[in-house]
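Trainee: Have a look at the structure that comes next, please.
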Amino acid sequence: MTPIETRHAEIIADFADMDDWSERYEFIVELGKELKPLAAEFHVPELKVSGCVSQVWLRAVIVGEKLEFSADSDSIFVKGLIALLIRAYSGFAPSEIAAANADFLKTIGITENLSPNRANGLGSMVARIRDYALHFSAAR
3 MTPIETRHAE IIADFADMDD WSERYEFIVE LGKELKPLAA EFHVPELKVS
53 GCVSQVWLRA VIVGEKLEFS ADSDSIFVKG LIALLIRAYS GFAPSEIAAA
103 NADFLKTIGI TENLSPNRAN GLGSMVARIR DYALHFSAAR
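Heads up, the sequence shown is in this note's numbering, so the first residue is 3 and it goes up one at a time.
Laid out in structure tokens, this is it:
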């Protein structure tokens, strides 16, 4: 198991004891409340994730050899979703992120409980994370 797969397994374990969608929803909202706000200077069009009904800004920087993400949203639930993705992908090499999949989202029962608009937005956030990883991989 790769380090990023291990992180995804830890996330799956966090959700394993939650019996229904309402528990998962509340957990995601709490993740959003705990996410450090992105400075206003980064609420710019270049960092905005397209394809989301809510506004989402996602920033990536290289720290050493690892990609670190920070984000914000105007929706507390969506902020929780992006916080979950940050936990899943932040702190890994761009090549690891680019090679990873997002199957853990289905395993924890998120994808089937989202509205089509929210599911599209989640997919857009994952795609943006991959885009950053590919960009930073190419830049190295």
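All residues carry an ideal CB built from backbone N, CA and C; glycine is no exception.
(1) Give a yes or no on whether the C-beta atoms belonging to Ile88 and Leu49 are separated by under 9 Å.
(2) Go through its chain and collect everything with a Cβ distance to Glu114's Cβ below 8 Å, but skip five positions before and after it.
(3) Between the Cα of Ile131 and the Cα atoms of Lys35, Ala41, Leu83 and Val31, which residue gives the shortest distance?
(4) For Ser75, which three-state DSSP category applies?
(5) Return the bridge partner residues of Lys68 from the DSSP annotation.
(6) Can you list, in chain order, the residues of its chain with a C-beta nearer than 7 Å to that of Arg9? Leave out the 5 residues immediately preceding and following it.
(7) Closest Cβ-Cβ distance between Pro39 and chain D: below 9 Å?
(8) So Ser139 and Ala100 are supposed to be a Cβ contact under 8 Å. How far apart are they, rounded?
(9) Give me the Cα-Cα distance between Ala95 and Gly111, rounded to the nearest whole angstrom.
Mentor: Concretely, from the data shown:
(1) Leu49 is positioned such that its CB atom lies no closer than 9 Å to that of Ile88.
(2) Only Lys108 meet the Cβ criterion.
(3) Looking from the CA of Ile131, the closest CA among Lys35, Ala41, Leu83 and Val31 belongs to Leu83.
(4) Ser75: strand per DSSP, three-state reduction.
(5) Per DSSP, the beta bridge partners of Lys68 are Val65.
(6) For Arg9, where only same-chain residues beyond five positions count, the Cβ hits under 7 Å are Ala90.
(7) The structure shown contains no chain D; it holds only a single protein chain.
(8) Confirmed, Cβ separation roughly 6 Å.
(9) Distance between the alpha carbons of Ala95 and Gly111: 27 Å.
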